[in-house]
Every structure is written in C-alpha cells, then in structure tokens.
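Student: My questions all concern the structure below.
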Amino acid sequence: MPITAGDFRNGVTFEMDGQPMQVIEFQHVKPGKGAAFVRTKYKNIITGAIREESFNPSAKFENAYVERRDMEYSYADGNLYYFMNPETYELEPVDKANLSDGFRFVKENETCTLSFYNGTCFSVEPPNFVVLEITETDPGFAGNTATNATKPATVETGAEVKVPLFIEPGERIQIDTRTGEYLGRAKG
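Take the sequence shown: its letter number 95 is residue 94 in numbering that gives the first Met the number 0, and every next letter is one higher.
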C-alpha cells in the first residue's frame with residue numbers, strides 16, 4: 000500500500016529509487032503563496048546516507064518493510080558473524096561491515112537486534128548495556144577518586160575501555176555499548 004509524503008512521521012520507512020529510507024525529521028509547510036510541501040530529512044537505511052528534500056504532500060512512495068528480529072550471537076568465522084534464531088535454531092550469517100562499533104562489547108550467546116530489508120540483514124544492534132569481566136589493566140589502588148582519573152582496561156571480548164583507577168583485573172563492570180563508557184561495577 001503506497002504512502003504519501005503527507006503521511007510522513009518520524010521513524011516512517013518508505014522506498015525511493017529502490018532503496019529503503021527512514022524519516023528522521025519532517026515539517027509540513029504551508030506558505031502564504033504557492034502550494035504546501037513537506038520538508039523532510041531522511042536516511043538511507045542500508046548506507047546510512049542522510050539527505051534533506053522537500054516533497055509535494057501528495058507524492059506517493061511504496062512502504063519499505065523493515066523486519067527486526069532478536070537473535071543470539073553464536074560465533075565469528077573470518078568476516079562472517081553468525082546469529083541464531085532462538086525459535087528455529089537457524090544460523091544467519093552477517094557480514095562484519097553491518098556490525099555497529101558497539102558490537103566489540105558483545106560476547107557469545109548475547110541477544111542482539113538484527114534489522115532485515117527484503118530478507119537481507121543490514122544492521123545489528125547490540126544490547127545497550129553489557130556486563131563484562133576485566134582481563135587486563137594496571138593494578139588498582141584506593142584513593143585518588145576525586146580527580147576522575149581513568150586508565151585503559153581490556154575486557155573479555157578484547158575491547159578496550161577507560162575505567163577508574165581503583166578497578167582491578169577480574170572485576171565485572173557494566174558498559175554502555177552505545178558510547179563505550181564504563182558505568183560502574185556489576186552487581187552480584
């Protein structure tokens with residue numbers, strides 16, 4: 000079923016020139032003279048390219064159906080990363096280029112959200128927060144917490160994160176995968 004530019008809202012997906020697009024911002028403009036138009040900022044879902052364009056409110060586009068599935072990260076083999084569908088136990092190979100920067104904090108058996116367009120995965124979103132163990136860092140020392148000083152630490156996935164000076168190897172910490180920031184010691 001076609002969608003018109005007049006139906007645009009934030010997050011709406013549509014097809015243009017055979018590519019899936021998502022509305023980031025929109026504004027319905029009704030000037031004193033001339034015809035109304037819809038000023039739109041949209042993103043190509045696959046390439047990430049962002050454009051701004053004005054459309055006639057009656058301009059028609061096909062709906063772009065983006066399917067989102069929660070899948071479990073299984074293992075990596077070269078540039079392919081395999082995710083298991085928890086219902087069918089089928090493995091879905093995903094190219095390394097489709098992984099976000101936050102994926103470096105994902106360990107095996109973590110659930111990620113995969114986005115598909117026409118049956119092809121174009122994006123993998125890791126969970127927003129993960130708990131990982133510190134495998135390597137300089138020895139910790141008490142005190143010196145007022146300066147907000149940090150030191151580099153390596154976590155069990157091999158990623159590096161900045162942690163406070165008092166954190167020791169073997170401790171479990173919580174990390175925000177969107178920013179790569181240390182949030183605190185893990186409870187339990």
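The C-beta atom is built at its ideal place from N, Cα and C for all residues, glycine as well.
Please report the straight-line C-alpha distance between LEU79 and VAL123, rounded to a whole angstrom.
Tutor: Reading the sequence shown from its first residue, position 80 is the one you call residue 79. Reading the sequence shown from its first residue, position 124 is the one you call residue 123. Answer to the nearest angstrom: the Cα atoms are 13 angstroms apart.
Student: Under 8 angstroms by Cβ, that's how I've got PRO126 and THR110 pegged, so tell me the actual separation to the nearest angstrom.
Tutor: Within the sequence shown, residue 126 is the residue found at index 127, counting from 1. Within the sequence shown, residue 110 is the residue found at index 111, counting from 1. Between THR110 and PRO126 the Cβ distance is about 7 angstroms, and since that is below 8 angstroms, they are a contact.
Student: Are ILE174 and VAL129 closer than 8 angstroms when you measure CB to CB?
Tutor: Position 175 of the sequence shown, counted from the first residue, corresponds to residue 174. Position 130 of the sequence shown, counted from the first residue, corresponds to residue 129. The answer is yes: Cβ separation under 8 angstroms.
Student: Are PHE13 and ALA63 touching if we call contact CB-CB under 8 angstroms?
Tutor: The residue given as residue 13 occupies position 14 in the sequence shown. The residue given as residue 63 occupies position 64 in the sequence shown. Yes; because the gap between Cβ atoms is below 8 angstroms, this pair is in contact.
Student: Among all the DSSP beta bridges, which residues are the ones paired with TYR116?
Tutor: Working through the sequence shown from its first residue, we reach residue 116 at position 117. Paired residue(s): VAL65, THR119.
Student: Do GLU155 and LEU131 come within 8 angstroms of each other at the CB atom, strictly closer than that value?
Tutor: One-based indexing of the sequence shown puts residue 131 at position 132. One-based indexing of the sequence shown puts residue 155 at position 156. Yes; because the gap between Cβ atoms is below 8 angstroms, this pair is in contact.
Student: What's the call for GLY101, buried or exposed, on a 16-neighbour Cβ count within 10 Å?
Tutor: Here the question's residue 101 lines up with position 102 in the sequence shown. Label assigned to GLY101: buried.
Student: Nearest to ASP94 by CA position, among THR119, PRO85, GLU107, is which residue?
Tutor: By 1-based counting over the sequence shown, the position of residue 94 is 95. Looking at the Cα atoms, THR119 is the closest of the given residues.
Student: For ARG171, write down the residues that DSSP places opposite it in a beta bridge.
Tutor: Walking along the sequence shown from the start, residue 171 turns up at place 172. Paired residue(s): GLU132.
Student: Do you know how far the Cα of LYS161 is from the Cα of GLY183?
Tutor: As a working mapping, residue 183 is identified with position 184 in the sequence shown. As a working mapping, residue 161 is identified with position 162 in the sequence shown. If I take the Cα positions, the gap works out to 11 angstroms.
Student: Buried or exposed for THR46, please, with buried defined as at least 16 other CB atoms from any protein chain shown within 10 angstroms of its CB.
Tutor: As a first step, residue 46 must be located in the sequence shown, where it is residue number 47. Burial call: exposed.
Student: Give every residue of the same chain whose Cβ lies closer than 7 angstroms to the Cβ of TYR74, excluding the five residues on either side of it in the sequence, and list them in chain order.
Tutor: Within the sequence shown, the letter at position 75 stands for residue 74. Closer than 7 angstroms at the Cβ level, and outside the excluded window around TYR74, lie TYR81, GLU107.
Student: Assign ASP76 to one of three DSSP states: helix, strand, or coil.
Tutor: Reading the sequence shown from its first residue, position 77 is the one you call residue 76. In the structure shown, ASP76 falls within a strand segment according to DSSP collapsed to helix, strand and coil.
Student: Is it buried or exposed, THR149, if we count other Cβ atoms within 10 angstroms and call 16 or more buried?
Tutor: Position 150 of the sequence shown holds residue 149. When all chains shown are included, THR149 counts as exposed.
Student: With DSSP collapsed to three states, give me the class of ARG50.
Tutor: Taking the sequence shown and counting its residues from 1, one reaches residue 50 at position 51. Correct three-state label for ARG50: strand.
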